[in-house]
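Down below is the structure, laid out as C-alpha cells.
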Amino acid sequence: MNKYHLRSYRDVIPKLGASVYIDESAVLVGDISIADDVSIWPLVAARGDVNTISIGARTNIQDGTVLHVTRRSAGNPEGNLLSIGEDVTVGHKCMLHGCVLGNRILVGMGAIIMDGAIVESDVFIGAGSLVPPNKILKSGYLYVGNPVKQARLLKESESAFLKQSAINYVELKNEYLEQG
Ligand SMILES: CC(C)(COP(=O)(O)OP(=O)(O)OC[C@H]1O[C@@H](n2cnc3c(N)ncnc32)[C@H](O)[C@@H]1OP(=O)(O)O)[C@@H](O)C(=O)NCCC(=O)NCCS
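Each number in this note's numbering corresponds to the 1-based position in the sequence shown with 1 added.
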C-alpha cells in the first residue's frame with residue numbers, strides 16, 4: 002500500500018493498525034486512529050483536523066463516504082469527535098459527522114449521522130436515513146427515515162448479518178491486499 006493519501010495536519014498523520022487496506026483514491030488527513038483489519042474504500046474523505054477520528058477493528062468504510070468532526074468552542078468545549086467502533090459497516094456515500102458509534106452496526110447507503118448522535122451497539126440504520134444531532138439509537142433496533150425513527154426490533158438474521166458483513170469485508174480487503 003502506498004501512503005500518498007495519508008496527509009498530516011499540524012504534524013499529526015493518521016495511525017494505522019495491522020493489515021489495514023486503504024484504497025489509493027481515499028484521502029485521510031490528521032488525527033485519525035485506524036485499528037487492525039479496517040478497510041477504507043475508493044473516494045472516502047476523512048478529515049481529523051479540528052478534532053479526532055477513531056475507527057475500530059474490522060470496520061469497513063465504503064466508497065464515497067465522508068468523515069468529519071467539530072471543533073471545540075465556547076458553547077461546545079469538547080467539540081464533537083468521531084468514534085466508530087468494531088465490526089461496523091458504513092455503506093456507500095454516507096456522512097458521519099462528530100458522532101459516536103458502538104460495535105456491530107450497519108449504516109445503510111447514503112445515511113447521514115450528525116453531531117453528538119450516539120448509535121449503540123447492534124443497530125441497523127436503513128439506507129438514506131438522517132440521524133439528527135444528539136439523537137440516541139438504542140441497541141437491537143432497526144431505524145429508518147428522515148428524521149430517523151425506530152422501526153422495529155432486529156430479526157435474528159439481521160443481528161447475525163451485522164457481524165457477517167464485517168467478516169465479508171475483512172475477507173474482501175485481504176484479497177485486495179494480496180493482489181498488491
Ligand atoms: C430498511 C431495510 C433493512 C428493509 O427493512 P424491511 O423491514 O425488510 O423493510 P421492507 O422492505 O419490508 O419495507 C417496509 C417499509 O419500509 C420502507 N423502507 C424500506 N427501506 C427503507 C429505508 N431505507 N428508508 C425508509 N423506508 C424504507 C418500505 O418502502 C416499506 O414501506 P411501506 O410499508 O410503506 O410499503 C432496507 O430497505 C435497507 O435500507 N437496508 C440497508 C441496505 C444498505 O444500505 N446496505 C449497505 C450496503 S453497502
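All C-beta atoms, glycine included, are put in the ideal place defined by N, C-alpha and C.
Because the structure is a prediction, the values reported are computed rather than measured.
Query - Assumed close pair Leu-143, Phe-125 - CB separation to whole angstroms, cut-off 8 Å - result: Residue mapping note: residue 143 aligns to position 142 of the sequence shown, counting from 1. Residue mapping note: residue 125 aligns to position 124 of the sequence shown, counting from 1. Between Phe-125 and Leu-143 the Cβ distance is about 5 Å, and since that is below 8 Å, they are a contact.
Query raised in the report: Taking the alpha-carbon positions, what's the Glu-176 to Arg-72 distance?
Result: Here residue 176 refers to the residue found at position 175 when the sequence shown is read from its first residue. Here residue 72 refers to the residue found at position 71 when the sequence shown is read from its first residue. Rounded to the nearest angstrom, the two C-alpha atoms are 37 Å apart.
Query raised in the report: Does DSSP classify Val-124 as helix, strand or coil?
Result: Looking up residue 124 in the sequence shown gives position 123. Val-124 falls in the strand class under three-state DSSP.
Query raised in the report: Quick one: Cα of Tyr-183 to Cα of Ser-130, how far?
Result: An answer regarding residue 183 cannot be provided, because it is not within the stretch 2 to 181 covered by the chain.
Requested in this report: Note down, one range per segment and in chain order, each beta strand (DSSP E) of at least 3 residues found wholly within the stretch 35-90.
Outcome: 46-56, 67-69, 83-85
**Report entry** Where the alpha helix (DSSP H) containing Ala-161 begins and where it ends
**Finding:** Here residue 161 corresponds to residue number 160 of the sequence shown, with the count starting at 1. Per DSSP, Ala-161 belongs to the alpha helix (DSSP H) from 157-180.
Query raised in the report: What are the boundary residues of the beta strand (DSSP E) that Arg-153 is part of?
Result: On the sequence shown, position 152 is the one that residue 153 refers to. Per DSSP, Arg-153 belongs to the beta strand (DSSP E) from 150-154.
**Report entry** Where Lys-16 sits in the DSSP three-state scheme
**Finding:** The count along the sequence shown starts at 1 and reaches residue 16 at position 15. Lys-16 falls in the strand class under three-state DSSP.
Query raised in the report: So, are the CB atoms of Ser-40 and Leu-173 less than 9 Å apart?
Result: Within the sequence shown, the letter at position 39 stands for residue 40. Within the sequence shown, the letter at position 172 stands for residue 173. Against a cut-off of 9 Å, the Cβ pair of Leu-173 and Ser-40 comes out as a contact.
Query - Status (buried if at least 16 other CB within 10 Å, exposed otherwise) for Leu-29 - result: As a first step, residue 29 must be located in the sequence shown, where it is residue number 28. Leu-29 comes out buried.
**Report entry** When Gly-76, Ser-74, Asp-37, His-98 are compared against Ala-58, the one with the closest alpha-carbon
**Finding:** Looking up residue 58 in the sequence shown gives position 57. With distances taken between Cα atoms, Ala-58 lies closest to Asp-37.
Report task. Please classify Val-105: does DSSP put it in a helix, a strand, or coil? Result -> As a first step, residue 105 is located in the sequence shown; it is residue number 104 there, counting from the start. For the record, residue 105 in the displayed sequence is Arg; it is not Val. In the structure shown, Arg-105 sits in coil (DSSP, three-state: anything other than H, G, I, E or B).
Query raised in the report: Where DSSP assigns a beta bridge to Arg-8, which residues make up the other side?
Result: Taking the first residue of the sequence shown as 1, we reach residue 8 at position 7. In the DSSP output, where bridge partners are listed per residue, Arg-8 has Val-30.
**Report entry** 8 Å CB neighbourhood of Asn-81 in its chain, flanking five on each side removed
**Finding:** Counting from one through the sequence shown, the residue named residue 81 turns up at place 80. Result list for Asn-81: Asn-52, Val-70, Thr-71, His-98, Gly-99, Cys-100, Asp-116, Gly-117, in chain order.
Requested in this report: Please report how far the alpha carbon of Gly-86 lies from the alpha carbon of Arg-153, in whole angstroms.
Outcome: In the sequence shown, residue 86 corresponds to position 85, counting from 1. In the sequence shown, residue 153 corresponds to position 152, counting from 1. So the two alpha carbons sit approximately 23 Å from each other.
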